[in-house]
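Quick note: to get my numbering, add 34 to the position in the sequence shown (first position is 1). We treat Cβ as the ideally placed atom computed from N, Cα and C, and that holds for glycine. Here the structure is a predicted model, which is why all the values come from computation and not from measurement. Just below is one structure, and these are the notes that go with it.
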Amino acid sequence: MEKTRCLIIGSGPAGYTAAIYASRSNLSPVIYEGLQPGGQLTTTTEIDNFPGFFEGITGPELMENMRMQAIRFGADVRAGIATAADLSQRPFKITINDEKIIEAETLIIATGATAKYLGLPDEKKYAGAGVSACATCDGFFYRNKVVAVVGGGDTACEEAVYLSNLASKVHMIVRKPFLRASKIMQEEVMKNPKIEILFEHEAIGLFGEHGVEGIHLLKHRGRPDEETYDIAADGFFLAIGHAPNSEIFKPYLETDETGYILQDRPETSKTKIPGVFVAGDVADSRYRQAVSAAGSGCKAAIDAERFLSENQPGS
Ligand code: NDP
Numbered sequence: 035m036e037k038t039r040c041l042i043i044g045s046g047p048a049g050y051t052a053a054i055y056a057s058r059s060n061l062s063p064v065i066y067e068g069l070q071p072g073g074q075l076t077t078t079t080e081i082d083n084f085p086g087f088f089e090g091i092t093g094p095e096l097m098e099n100m101r102m103q104a105i106r107f108g109a110d111v112r113a114g115i116a117t118a119a120d121l122s123q124r125p126f127k128i129t130i131n132d133e134k135i136i137e138a139e140t141l142i143i144a145t146g147a148t149a150k151y152l153g154l155p156d157e158k159k160y161a162g163a164g165v166s167a168c169a170t171c172d173g174f175f176y177r178n179k180v181v182a183v184v185g186g187g188d189t190a191c192e193e194a195v196y197l198s199n200l201a202s203k204v205h206m207i208v209r210k211p212f213l214r215a216s217k218i219m220q221e222e223v224m225k226n227p228k229i230e231i232l233f234e235h236e237a238i239g240l241f242g243e244h245g246v247e248g249i250h251l252l253k254h255r256g257r258p259d260e261e262t263y264d265i266a267a268d269g270f271f272l273a274i275g276h277a278p279n280s281e282i283f284k285p286y287l288e289t290d291e292t293g294y295i296l297q298d299r300p301e302t303s304k305t306k307i308p309g310v311f312v313a314g315d316v317a318d319s320r321y322r323q324a325v326s327a328a329g330s331g332c333k334a335a336i337d338a339e340r341f342l343s344e345n346q347p348g349s
């Protein structure tokens with residue numbers, strides 16, 4: 035069975051930063067990249083708020099830079115998904131791709147979060163045929179077409195603005211009478227002539243013969259003037275937030291009601307299991323920024339290094 039001193043799961047800014055720090059501390063970390071190598075940032079376009087890139091940098095480029103930086107210092111970056119975990123004793127046993135088990139003296143969980151869906155049966159029915167949770171991945175297919183974005187946060191605004199550069203029209207479907215996004219993003223969507231915001235609307239279904247052709251909407255739910263009507267749209271984009279990828283660790287670690295892993299002491303990356311550390315969005319329901327994820331990856335690697343220098347290997 036393969037053994038490692040430091041196993042990192044996940045390859046967003048948290049995972050790669052942990053790998054950079056852990057390899058520079060001679061921990062010879064092994065990092066598994068997970069379902070989406072590079073993480074959520076690979077599905078964004080320009081990143082203008084990561085310090086050090088004053089002219090902006092694309093998400094995929096930033097992640098490739100981090101990956102190469104980790105490799106430069108000796109991190110063993112591998113393709114693969116952690117499918118099971120046994121954290122009952124050290125060394126921890128992590129199963130990769132349902133077949134291989136790795137024993138780890140320390141574990142850094144940086145598995146991030148995944149886009150949420152509304153839970154409509156039609157989202158499954160039209161998966162890959164008009165339904166998407168990533169405008170920058172799939173927007174290209176909607177050149178000069180009509181699309182809708184669900185959500186009123188920063189992600190929804192960003193996706194709506196991105197899609198407005200391709201599509202002929204963008205409907206934003208927002209369940210509240212206001213946007214939750216930052217002021218600067220709100221202003222950007224408000225002044226965009228191609229974006230129409232449908233406040234107090236919910237998508238309740240989709241229709242179309244071979245792919246999405248339109249959306250069933252519910253307006254003013256629960257009010258006397260509640261009504262349903264349909265709009266035509268070729269694309270339906272979800273931007274309603276993310277759920278943490280913590281499932282396989284839940285039997286061992288404490289999480290909040292949404293599944294975000296709780297640190298033992300919030301100012302550190304330590305969990306209640308000595309030797310298991312968390313970094314990035316899987317433990318952060320509040321900030322969820324690339325730079326804060328990178329910072330927490332740094333903390334996790336430092337905590338792992340200190341733990342290893344203070345503790346004998348597990349049996
Ligand atoms: P948010 O949680 O901020 O917003 C989610 C949006 O989706 C809200 O408008 C919410 O409505 C709506 N929503 C949630 N569930 C449903 C549902 N079942 N049906 C209909 N609507 C729903 O998520 P984001 O992904 O937008 O942002 C996450 C974090 O990342 C935030 O902190 C944000 O600031 C940050 N971010 C920063 C960016 C940047 O700085 N460049 C870019 C993107 C994100 P309601 O308001 O009613 O709850």
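Taking a contact to mean a Cβ-Cβ separation below 8 Å, would you say residue i touches residue j in this structure?
i, j, result
"A327", "I295", "no"
"V181", "A190", "no"
"L75", "M97", "yes"
"P211", "E234", "yes"
"H276", "A149", "yes"
"A52", "A334", "yes"
"G146", "G93", "no"
"A338", "T170", "no"
"I238", "L252", "yes"
"G348", "R124", "yes"
"R112", "I65", "yes"
"G173", "R214", "no"
"V165", "V246", "yes"
"T305", "D298", "yes"
"I128", "L61", "no"
"F126", "V310", "yes"
"A118", "G331", "no"
"F107", "S45", "no"
"Y50", "R101", "yes"
"E192", "R209", "no"
"G269", "Y176", "yes"
"K37", "E137", "yes"
"I207", "L240", "no"
"L152", "Y286", "no"
List the DSSP bridge partners of residue i.
i, result
"H235", "K253"
"D120", "K127"
"D110", "V64"
"F311", "I142, K304"
"C40", "T140"
"E261", "K253"
"K134", "I130"
"F84", "In DSSP, F84 forms no bridge with anything."
"G190", "Looking at the sequence provided, one finds Ala at residue 190 rather than Gly. According to DSSP, which records beta bridges pairwise, A190 is partnered with nothing at all."
"F241", "G248"
"F270", "V165, A182"
"E230", "H205"
"A147", "P278"
"I218", "For I218, which the question treats as bridged, DSSP gives no partner whatsoever."
"I295", "T289"
"I398", "No answer is possible for residue 398: the residues shown for the chain start at 35 and end at 349."
Can you tell me whether residue i sits near the ligand NDP, meaning its C-beta is under 7 Å from at least one heavy atom of the ligand?
i, result
"A273", "yes"
"E288", "no"
"E157", "no"
"E236", "yes"
"E192", "yes"
"H254", "no"
"L152", "yes"
"D318", "no"
"D188", "yes"
"N83", "yes"
"V208", "yes"
"H205", "no"
"R257", "no"
"H250", "no"
"S216", "yes"
"H276", "yes"
"R322", "yes"
Could you give the C-beta distance for residue i and residue j, rounded to a whole number, given that I count them as a contact under 8 Å?
i, j, result
"A248", "A273", "The sequence given here has Gly at residue 248, not Ala. Wrong, their Cβ atoms sit about 19 Å apart, outside the cutoff."
"K179", "A201", "6 Å"
"T289", "S280", "6 Å"
"I115", "M35", "Contact doesn't hold; Cβ gap of about 18 Å is too wide."
"I143", "F283", "6 Å"
"D264", "H250", "6 Å"
"F271", "L197", "7 Å"
Using a C-beta cutoff of 8 Å, does residue i count as contacting chain B?
i, result
"T148", "Included in the structure is just one protein chain, with no chain B present."
Hey, would you say the C-beta of residue i is under 7 Å away from at least one heavy atom of the ligand COA?
i, result
"G185", "The ligand COA is absent from the structure shown, which contains only the ligand NDP."
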